[in-house]
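Asker: Protein chains in written order, with this note's numbering: chain W, 7 to 117; chain D, 264 to 377.
Glycine included, C-beta positions come from ideal geometry on N, C-alpha and C.
Because the structure is a prediction, the values reported are computed rather than measured.
Take this structure first; my questions come after.
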Amino acid sequence: ELKVEQNPLFLSMQEGKNYTIYCNYSTTSDRLYWYRQDPGKSLESLFVLLSNGAVKQEGRLMASLDTKARLSTLHITAAVHDLSATYFCAVEVDSNYQLIWGAGTKLIIKP
Amino acid sequence: DTEVTQTPKHLVMGMTNKKSLKCEQHMGHRAMYWYKQKAKKPPELMFVYSYEKLSINESVPSRFSPECPNSSLLNLHLHALQPEDSALYLCASSLGPGTRSPRTFGSGTRLTVV
Numbered sequence: 007e008l009k010v011e012q013n014p015l016f017l018s019m020q021e022g023k024n025y026t027i028y029c030n031y032s033t034t035s036d037r038l039y040w041y042r043q044d045p046g047k048s049l050e051s052l053f054v055l056l057s058n059g060a061v062k063q064e065g066r067l068m069a070s071l072d073t074k075a076r077l078s079t080l081h082i083t084a085a086v087h088d089l090s091a092t093y094f095c096a097v098e099v100d101s102n103y104q105l106i107w108g109a110g111t112k113l114i115i116k117p
Numbered sequence: 264d265t266e267v268t269q270t271p272k273h274l275v276m277g278m279t280n281k282k283s284l285k286c287e288q289h290m291g292h293r294a295m296y297w298y299k300q301k302a303k304k305p306p307e308l309m310f311v312y313s314y315e316k317l318s319i320n321e322s323v324p325s326r327f328s329p330e331c332p333n334s335s336l337l338n339l340h341l342h343a344l345q346p347e348d349s350a351l352y353l354c355a356s357s358l359g360p361g362t363r364s365p366r367t368f369g370s371g372t373r374l375t376v377v
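Below is the structure:
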């Protein structure tokens, strides 16, 4: 059974600091997605990682994928309050439409 | 148009009511999904339609009945729900099978069953 583990599950940090969220998964896949969810809102697609070594950056967020280590990271650089949200990683297995989700990381960035 | 539109945004229904949730997309996506999300949890897949045919039903109780009238529309018919069915119901779409594309989510329907 494919499992996806995110850590940490909760992160409180100061503005201006850097931090990394980790997403480990238990079986072979080269399709990994990162989503953001604000409280009471829907899910916003952040990054699509489709190959080993893929790196994507958008503003202060950078995501990477190491398929050999079965690990993706979401790095936050010089955090700002607006990045406070819950971040989910999700791994796609084959083409059967199933996304296996991590539990989510609740990120609070204090001014 | 890069949106998935869901209506209504909020719904309160009694356990004997029948209601429907609606979802629409005009991105040419051929896969459409219903997810259920409880507070502080990741979304759970309920149903998948691929090219307007039901591809996946994740052992969802029959009180939830999906319908895909055409490639742009997806409905979820609700009947005799239980209070534990209260949740955020999310519709999503993606390009289709084998396309390795992300799901685009609608804003959701917040459902409360009383």
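1) Find the residues of chain D that neighbour W/Gly-59, judging by a C-beta separation of less than 9 Å, and give them in chain order.
2) Hey, quick one: how far does the beta strand (DSSP E) through D/Pro-316 stretch, first residue to last?
3) Mind checking W/Gln-63: buried by the 16 CB within 10 Å criterion, or exposed?
4) What is the rounded straight-line gap between the Cα of W/Ser-31 and the Cα of D/Gly-371?
5) Could you compute how far the alpha carbon of W/Leu-52 sits from the alpha carbon of D/Gln-300?
6) When you compare the CB of D/Thr-270 with every CB in chain W, is at least one pair closer than 9 Å?
7) Quick check: the segment 358-368 of chain D against the segment 38-53 of chain W, are at least 3 beta-carbon pairs closer than 8 Å?
8) What does D/Ser-308 touch in chain W if you count any residue whose Cβ is under 8 Å from its own?
9) Which of the three DSSP states, helix, strand or coil, is assigned to D/His-289?
10) Where does W/Asp-100 sit, in a helix, a strand or coil, going by DSSP?
11) Please check the pair W/Gly-110 and W/Tyr-93, which I expect to be a contact at CB under 8 Å, by giving their CB distance rounded to whole angstroms.
12) Who are the neighbours of D/Ala-294 on chain W, taking C-beta pairs under 7 Å?
13) Any Cβ of chain W within less than 9 Å of the Cβ of D/Gly-371?
Answerer: Let me spell this out:
1) By Cβ distance, chain D contributes nothing, its closest Cβ being about 16 Å from W/Gly-59, past 9 Å.
2) Looking at the sequence shown, residue 316 of chain D is not Pro but Lys. Counting along the chain, the beta strand (DSSP E) containing D/Lys-316 begins and ends at 316-320.
3) exposed
4) For clarity, residue 31 of chain W is Tyr in the given sequence; the question names Ser instead. Their backbone Cα atoms lie some 28 Å apart in a straight line.
5) 19 Å
6) no
7) yes
8) Per the sequence presented here, residue 308 of chain D reads as Leu, with Ser not at that position. Those within 8 Å of D/Leu-308 in chain W are Tyr-103, Gln-104 and Leu-105.
9) coil
10) coil
11) 7 Å
12) Tyr-103
13) yes
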